[in-house]
Amino acid sequence: MFDERGPAQRRNDRSGALQRDEVKRVWVDLAVAYPRPQERPVRPMPEGVDLQSRVPGELLAWRRTTTGEWVGWVCLPVRRGEEIRYVYQYVVAAALSPRDDVPDKRSH
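In this text, residue positions in the sequence shown follow the working numbering: the first is 6, and each later residue adds one.
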């Protein structure tokens, strides 16, 4: 998906996930991953969980859904007020884009 070798390098023996040989730095567009219903007005909640920003993440593996779409297994920060928690979750491929601001971990 991000390079000519395809989205996966090998299958993880334990989880069965399609896993990259290296961790890929990505941008995660949380507004795409968590679309807001258009008919609802915006009500600012500073103490709420921010699911509408673009955050840096690490793409660890790819998996296919039951409908054949690709999702990435990603570690990403989620902010709630001043608190930041790092979570691991599946994110739709449309919400992921390559990030070139820092070198990838475990690159060849």
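For each residue, glycine too, the CB sits at the ideal point set by N, CA and C.
{"Check": "Where Ala-100 falls, given that 16 or more other Cβ within 10 Å makes a residue buried", "Outcome": "buried"}
{"Check": "Reduced DSSP secondary structure (H/G/I, E/B, other) of Val-28", "Outcome": "strand"}
{"Check": "Own chain, CB closer than 8 Å to Pro-103, minus 5 neighbours either side, in chain order", "Outcome": "Phe-7, Lys-29, Arg-30, Val-31 and Trp-32"}
{"Check": "C-alpha gap between Ala-38 and Gly-77, whole angstroms", "Outcome": "11 Å"}
{"Check": "Reduced DSSP secondary structure (H/G/I, E/B, other) of Val-3", "Outcome": "Residue 3 cannot be examined here, being either before or after the span of the chain that is shown, 6 to 113."}
{"Check": "Cβ neighbours of Arg-85 in the same chain (closer than 8 Å, five flanking residues each side left out)", "Outcome": "Glu-52, Gly-53, Val-54 and Asp-55"}
{"Check": "Extent of the continuous beta strand (DSSP E) to which Ala-66 belongs", "Outcome": "59-69"}
{"Check": "Counterpart residues of Gln-94 in DSSP-defined beta bridges", "Outcome": "Val-79"}
{"Check": "N- and C-terminal bounds of the beta strand (DSSP E) containing Pro-103", "Outcome": "101-103"}
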